[in-house]
Amino acid sequence: MRIPQLASTHDAALASALQAAIDNKTKPRGSLGVLEFVAHRIGLIQQSPMPRIDRTAVMVFAADHGVVAENISAYPQSVTWQMVENFLQQGAAINVFARQNDCALHIVDAGVNHEFGEREGLVSRKLGPGTRNFAQEPAMSAAQCEQALQHGMDLVAAMPVDVIGFGEMGIGNTTAAAAIMHKITGIAAAECVGAGTGLGNGGILHKQQVIEQAVALHADADAPLEILRTFGGFEIAMIAGAMLKAAERRMVLLIDGFIVTSALLVAAKLQPNILDYCLFSHCSDEHGHRRMLRHLDARPLMQLDLRLGEGTGSALALPLLHAAVNFLAQMATFSSAQVSEKSA
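Just so we're aligned: 203 in the working numbering is position 132 of the sequence shown, and the numbers increase by one with no gaps anywhere.
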């Protein structure tokens with residue numbers, strides 16, 4: 072497996088040209104706020120003074136987690152496959168939001184503990200019926216982790232899109248994401264662990280204790296891929312691989328919530344320049360996501376108190392990306408509109 076090598080998007084001449092184009096629109100400088108940052112970043116990613124968004128997609132990766140045996144979720148594991156069925160029946164929030172934004176939606180079985188058979192709309196890359204229980208042993212083998220990364224890269228390599236968002240479904244995956252966050256950032260486990268699908272205070276404390284004991288058990292897991300294989304999920308590993316390939320292809324990476332950002336933590340340890348290709352859709356209401364974003368020095372586009380997953384935040388942010396490239400392409404300049412510029 073080859074990890075994509077990512078160059079920085081920084082280009083001084085292009086950055087200057089983009090900023091000049093943004094500032095020359097008929098508005099006070101900086102008055103479109105974060106949209107100006109978004110337009111500038113997309114231009115650098117696409118290496119173009121006139122960036123475009125013609126095709127968008129969200130990929131939702133689903134998988135189960137052996138750590139649910141430790142009673143760390145408010146929902147049974149069967150909800151994973153039931154929600155995949157809901158995706159396929161067009162009944163979930165991500166279906167609604169993708170449809171309203173004319174965004175392609177791809178559902179990937181990365182390792183759900185259920186046999187779906189041949190299903191229209193479902194991409195099967197199943198690596199098994201879920202990971203092992205990382206409270207007892209590494210979640211996956213080195214070979215499985217590598218295969219998951221490769222599957223993610225291969226899926227994105229075949230996608231002709233300008234913007235790609237990532238979503239996930241997997242009962243237990245906030246526990247995996249919190250463990251990854253704790254190991255990579257060094258932030259205390261108590262600050263990484265949240266309610267997930269709806270745990271009370273006692274359940275949150277139990278989840279924290281499971282993570283702390285697992286981290287002690289796997290004290291030697293320090294390298295990014297070792298952390299991923301020890302504590303991660305098949306869906307998290309596939310998302311990390313997909314992100315790396317998407318950045319190599321100069322797609323805009325639209326980063327969703329807590330679990331997706333945990334995959335980015337791994338990808339950024341492997342290739343720090345991946346952050347140049349990212350826009351962060353929102354700050355999740357899941358405890359720990361705000362600290363994740365601060366660790367990455369990331370600026371979320373929205374604060375909607377979401378903690379659903381599925382890529383819903385990314386789909387909801389798409390109109391903001393369209394607005395950013397559209398103002399750059401379509402707004403008049405001071406000279407074309409014969410509007411006087413600021414005198415001093």
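Cβ coordinates follow ideal geometry from the N, Cα and C atoms, glycine included.
Predicted model, so just to flag it, every value in this text is computed and none were measured.
Inter-residue spacing [alpha-carbon to alpha-carbon] between residue i and residue j
i	j	result
LEU350	ARG365	14 Å
ALA388	GLY236	10 Å
SER265	PHE158	The amino acid at residue 265 is misidentified as Ser; the sequence shows Gly. Each residue's Cα considered, the two are about 25 Å apart.
VAL138	THR246	8 Å
ALA308	PRO120	34 Å
ASP293	LYS96	49 Å
LEU324	TYR348	6 Å
TRP152	GLY241	9 Å
SER352	VAL129	12 Å
GLY303	ALA403	49 Å
ALA338	GLU381	20 Å
LEU379	LEU193	21 Å
LEU296	GLY162	35 Å
ALA400	ALA86	16 Å
ARG300	GLU217	9 Å
VAL281	ALA206	7 Å
LEU372	ASP82	24 Å
Residue i in three-state terms, based on DSSP
i	result
LEU341	helix
PRO147	coil
MET130	strand
GLY274	helix
SER102	coil
GLY304	coil
ILE258	coil
THR383	helix
ALA313	helix
VAL138	helix
LEU193	strand
THR80	coil
GLU217	helix
ILE74	coil
ASP225	helix
PRO209	coil
VAL264	coil
PHE168	helix
ALA110	helix
LEU377	coil
Neighbourhood of residue i by C-beta distance below 7 Å, restricted to the same chain and skipping five residues each side
i	result
VAL396	ALA110, ILE113, PRO122, ARG123 and ILE124
CYS263	ALA249, MET252, HIS253 and GLY359
GLN117	ARG321
LEU77	ALA318, GLU319, GLN342, ASN344 and ILE345
ILE310	PHE132, GLY223, PHE237, GLU239, VAL331 and ALA334
Sheet register partners of residue i (DSSP bridge)
i	result
ILE326	PHE351
PRO371	PHE351
LEU176	VAL129
MET240	ALA133
ILE235	ALA128 and LEU324
GLY182	ALA134
THR404	LYS96
Inter-residue CB distance, residue i and residue j (contact presumed, cutoff 8 Å)
i	j	result
GLN284	ALA261	So it is not a contact: roughly 14 Å between Cβ atoms.
MET224	LEU89	Incorrect: roughly 29 Å between the Cβ atoms, too far for contact.
GLY66	ASP327	A question about residue 66 goes unanswered here, because the residues of the chain that appear run from 72 up to 415.
ILE165	ALA386	6 Å
GLN148	ASN184	6 Å
LEU377	THR383	6 Å
ALA290	VAL227	At roughly 34 Å, the Cβ-Cβ gap does not stay under 8 Å, so ALA290 and VAL227 are not in contact.
Cutoff 6 Å; reference residue i; Cβ partners in own chain excluding five residues on either side
i	result
ARG126	VAL232 and ASP233
GLN221	MET72
LEU115	THR80
GLY182	ALA134, LYS197, LEU198, GLY199, GLY201 and PHE305
THR256	HIS366
ALA140	ASN204
ALA195	Checking the sequence shown, residue 195 turns out to be Ser, not Ala. So the list reads ASP180, once near-sequence residues are dropped.
ILE74	LEU341
Cβ neighbours of residue i in the same chain (closer than 8 Å, five flanking residues each side left out)
i	result
GLU107	ILE93, GLY101 and ALA395
ARG203	GLY137, PRO209, ALA210 and MET211
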